[in-house]
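Protein chains in written order, with the numbering used here: chain B, 54 to 299; chain F, 14 to 273.
First the structure, in the form of structure tokens, and then the observations on it.
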Ligand code: HEM
Ligand code: FES
């Protein structure tokens, strides 16, 4: 396959950055998107140019590192797929592909396609945990969890924190990410003691970090590689309003 | 957190991008400093949304009554003018003349301001949260036209409300003038095509605003879930369509000459 790539290049956080066009002539349809970028980088290195910086780690769709906006859609148009799991056969020969970093004020660009997602860590630190004594694991059947609750909690717990929801949201809102963790812990018996303080702290932290508010448009769910449902946001809103009323 | 191997754990969940945190380059550290975390709390975005949802629902309740009242125009001059007069006498003598109407007006004014101020604060925050736009033409994966036009649609609706008050409430912008009865002002308006257009276009926009707004309000107030989503969407579409059609009955009756 022949491809034209338009990639965001930015030397560092202070650089203004710009789109740069590259031609690739020998792309196999069986390559993953990241392998295609590897091929480009090998060539750039041979040519003595700076390779395109992008984040990745597991390359199996579970670590959440490989976020980039492909043709205007986080992780590309293929649904429920991380960039590392996206294959070049979903693109057309001769196609022009634009590749940009996540765009959100709380996710500053570090270099090229790499952004700093520490803001998500700040939200988790604010309340995305339960306080339990450490030590040996408790007996698994000591606290029964109804199966439907376990299923819904799991559906939310599969969030990999990639940030695609923020990147897709026209308001730059972290609602889906925050709601996933609030749903996960709020449905488990172990999450009950801190349920009110958790939702207050996490939502207020997201607001303070500069993420926008939610307008219930649903772009987040649509691009989420794990398909976290929009209903988690309704649950977060319900919990938040309840916690605020006291 | 692995999607496949780890069930929801009772233990603390690890920060999601711990890897990124551990190997922050000097550049990233710099970027973090440059971000200077805002101190001091901001008004919670969820509370602002709740204010919008409640004030929006208050306005919708008013619109339903208003729409039903407008249908009186079909029963003729006498009925319509009498209805308009009656509105001003509700609660008398316990309330002064127009007392009830003024309570409604103040209530609506509070709702409109609360709604607009929250909308403005959230719009500013949304713009600040995405300071650099994407170069690729944005592909909407999910969002609808109605949901994308909430802000500008809202501004147009506001301008329409002001015009509407000058036209049919105060009469200063009405072709029949301030001296005419409510019925005659109504008829004078819709005998002119450009005034018909000035009403129909904003009403259709209002319908779209309410379609997304109703759906959004259920979600904002936490009344929605996966099972109810379909029903809520149908209700939002059905209710806003009926409301706007109801408002269009009167003007249509004038246009086709049933009401004159
Ligand atoms: C008759 C007048 C109006 C009614 C009945 C109405 C109703 C509503 C409702 C029910 C919502 C949903 C609240 C939520 O998201 O939970 C909403 C949202 C909104 N309204 Fe209005 N509104 C009116 C006028 C306005 C005006 C004048 C403006 C702007 C100046 C405006 C701007 C907005 C915005 C920006 C949203 C949020 C959009 C979103 O959630 O996606 N509205 N409106
Ligand atoms: S590299 Fe781990 S999810 Fe893509």
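Heads up, the beta-carbon is just placed ideally off N, CA and C, and yes, glycines get one too.
Taking CB distances under 7 Å as the criterion, tell me whether residue i reaches chain B.
| i | result |
| --- | --- |
| residue 204 (chain F) | no |
| residue 8 (chain F) | Residue 8 (chain F) lies beyond the range of chain F shown here (14 to 273); nothing can be said about it. |
| residue 149 (chain F) | yes |
| residue 57 (chain F) | yes |
| residue 43 (chain F) | At residue 43 (chain F), the pLDDT of 40 sits below 50, so the modelled position is not reliable; the number obtained from the coordinates is stated separately. Chain B, which has a Cβ nearer than 7 Å to the Cβ of residue 43 (chain F), makes this yes. |
| residue 168 (chain F) | no |
| residue 229 (chain F) | yes |
| residue 160 (chain F) | yes |
| residue 85 (chain F) | no |
| residue 145 (chain F) | yes |
| residue 262 (chain F) | no |
| residue 154 (chain F) | yes |
Could you check if residue i belongs to the surroundings of the ligand FES, using beta carbon to heavy atom distance under 6 Å?
| i | result |
| --- | --- |
| residue 110 (chain B) | yes |
| residue 114 (chain B) | yes |
| residue 22 (chain B) | Examination of residue 22 (chain B) is not possible in this model, given that chain B is present from 54 through 299 alone. |
| residue 134 (chain B) | no |
| residue 137 (chain B) | yes |
Could you tell me if the beta carbon of residue i falls within a distance shorter than 6 Å of some heavy atom in the ligand NAP?
| i | result |
| --- | --- |
| residue 216 (chain B) | For the ligand NAP, the structure offers nothing, since it holds only the ligand HEM and the ligand FES. |
Determine whether the Cβ of residue i lies closer than 7 Å to any Cβ atom of chain F.
| i | result |
| --- | --- |
| residue 151 (chain B) | yes |
| residue 72 (chain B) | yes |
| residue 124 (chain B) | yes |
| residue 312 (chain B) | Coverage of chain B is limited to positions 54 through 299, which leaves residue 312 (chain B) absent and any answer about it impossible. |
| residue 120 (chain B) | no |
| residue 225 (chain B) | yes |
| residue 256 (chain B) | yes |
| residue 251 (chain B) | no |
| residue 217 (chain B) | no |
| residue 157 (chain B) | yes |
| residue 75 (chain B) | no |
| residue 291 (chain B) | yes |
| residue 58 (chain B) | no |
| residue 195 (chain B) | no |
| residue 287 (chain B) | yes |
| residue 192 (chain B) | no |
| residue 148 (chain B) | no |
| residue 284 (chain B) | yes |
Please report whether the beta-carbon of residue i lies at a distance below 7 Å from any beta-carbon of chain A.
| i | result |
| --- | --- |
| residue 100 (chain B) | Absent from the structure is chain A; the protein chains it does hold are B and F. |
- At least three beta-carbon pairs within less than 8 Å, the segment 169-180 of chain B to the segment 71-82 of chain B: no
- Item | Residues of the segment 112-143 of chain F with Cβ closer than 7 Å to any Cβ of chain B, in chain order | 135, 138, 139, 141, 142 and 143
- When Cβ atoms are compared, which residues of the segment 261-282 of chain B fall closer than 8 Å to chain F? 261, 262, 263, 264, 265, 266, 267, 268, 269, 270, 271, 272, 274, 275, 276, 279 and 282
- Task: May I ask you to verify whether the segment 229-237 of chain B touches the segment 201-209 of chain B, counting CB pairs closer than 8 Å and requiring at least 3?
- Result: yes
- Item | Where the segment 234-251 of chain F meets chain B: residues whose CB sits under 9 Å from a CB there | 234, 235, 236, 237, 238, 239, 240, 241 and 242
- Item | Cβ contact check for the segment 101-119 of chain B and the segment 241-256 of chain B: 3 or more pairs under 8 Å | no
- Query: Is the segment 155-175 of chain F close to the segment 254-270 of chain B, with three or more CB pairs under 8 Å?
  - Reply: yes
- Query: Taking any Cβ of chain B, which residues in the segment 60-75 of chain F have a Cβ under 9 Å from it, in chain order?
  - Reply: 60, 61, 62 and 63
- Query: Is the number of C-beta pairs between the segment 105-121 of chain B and the segment 215-225 of chain B that are closer than 8 Å three or more?
  - Reply: yes
- Query: On the three-pair Cβ rule with 8 Å, is the segment 165-173 of chain F touching the segment 235-246 of chain F?
  - Reply: no
- Is the segment 212-219 of chain F close to the segment 245-265 of chain F, with three or more CB pairs under 8 Å? yes
- Query: With contact counted as at least three CB pairs below 8 Å, one residue from each stretch, are the segment 190-202 of chain F and the segment 92-106 of chain F in contact?
  - Reply: yes
- Cβ contact (3+ pairs, closer than 8 Å) linking the segment 155-163 of chain B and the segment 218-225 of chain B: yes
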